[in-house]
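**Student:** In our numbering, the protein residues as written are 97 to 301.
The beta carbon of each residue, even a glycine, is placed where N, CA and C say it ideally should be.
Following this message is one structure expressed as structure tokens.
Here is the structure:
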């Protein structure tokens with residue numbers, strides 16, 4: 097079965113606003129006035145939906161080796177902007193950076209993924225320290241009183257989770273990261289699809 101990002105997102109009606117693309121198909125940028133309008137509308141709608149509570153999430157995984165600093169990172173900002181970066185120097189690959197604005201519906205979906213995982217109840221005191229193999233970092237702000245900032249080593253498989261000092265907490269982190277990656281990859285794949293056919297998903301080009 098082929099990859100179907102829409103099935104991962106459950107048909108969620110998401111409006112994305114293209115900021116930039118480095119896939120060989122340059123798109124005219126928004127004007128300053130249009131950009132300010134998008135940010136204002138997104139922030140106002142999100143504050144209304146979230147009861148005024150802020151939401152911010154940033155994830156990073158990377159290492160430094162013979163190909164230099166290779167990493168993957170993404171960030172959900174309070175104004176609705178999703179920032180994605182992927183840097184691999186293998187075979188002289190270039191860095192990929194993409195940015196889109198998401199609707200409050202998409203941010204609510206991300207918040208729900210985080211809330212359902214119960215990661216905010218955990219701590220990283222007994223997680224493996226970052227090492228030469230690599231590091232992961234996760235920072236989340238939910239509302240006015242919840243804030244976590246975790247760091248640990250790269251996790252190769254569930255065997256690494258089971259052998260840790262806190263297998264239950266690290267398992268929650270491991271599965272949350274997988275869910276977040278699927279969500280982000282789905283959004284990026286849908287928005288930057290070459291077909292420009294979104295089957296009801298609206299995208300302002």
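Which ranges would you report for the beta strand (DSSP E) in the region 194 to 239 if only whole runs of at least 3 residues count?
**Tutor:** Fully enclosed beta strand (DSSP E) runs of 3 or longer: 231 to 238.
**Student:** Is it the case that the Cβ atoms of residue 152 and residue 169 are separated by a distance below 8 Å?
**Tutor:** Position 56 of the chain shown, counting from 1, holds the residue named residue 152. Position 73 of the chain shown, counting from 1, holds the residue named residue 169. No, they are not a contact pair.
**Student:** In this structure, what does DSSP give as the bridge partners for residue 177?
**Tutor:** As a first step, residue 177 must be located in the chain shown, where it is residue number 81. Residue 177 pairs with 197.
**Student:** Could you give the first and the last residue of the continuous alpha helix (DSSP H) run that contains residue 281?
**Tutor:** Looking up residue 281 in the chain shown gives position 185. Taken as a continuous stretch (DSSP letters only), the alpha helix (DSSP H) holding residue 281 covers 263 to 287.
**Student:** Less than 8 Å between the C-beta atoms of residue 210 and residue 238, yes or no?
**Tutor:** Within the chain shown, numbered from 1, the residue matching residue 210 stands at position 114. Within the chain shown, numbered from 1, the residue matching residue 238 stands at position 142. It is a contact, given that the beta carbons lie within the stated cut-off.
**Student:** Could you check whether residue 268 and residue 214 sit closer than 8 Å to each other, using their CB atoms as the reference points?
**Tutor:** The sequence position of residue 214 within the chain shown is 118, counting from 1. The sequence position of residue 268 within the chain shown is 172, counting from 1. Yes, Cβ-Cβ distance for residue 214 and residue 268 is below 8 Å.
**Student:** Have a look at residue 212 and residue 227 and give me their C-alpha separation to the nearest angstrom.
**Tutor:** In the chain shown, residue 212 corresponds to position 116, counting from 1. In the chain shown, residue 227 corresponds to position 131, counting from 1. One C-alpha to the other measures close to 30 Å.
**Student:** With a cut-off of 8 Å on the beta carbons, I'd call residue 218 and residue 265 a contact; round off their distance for me.
**Tutor:** By 1-based counting over the chain shown, the position of residue 218 is 122. By 1-based counting over the chain shown, the position of residue 265 is 169. That pair is a contact at about 4 Å.
**Student:** Mind checking whether residue 251 and residue 244 have CB atoms under 8 Å apart?
**Tutor:** Numbered from 1 along the chain shown, position 155 holds the residue referred to as residue 251. Numbered from 1 along the chain shown, position 148 holds the residue referred to as residue 244. Not closer than 8 Å, so no.
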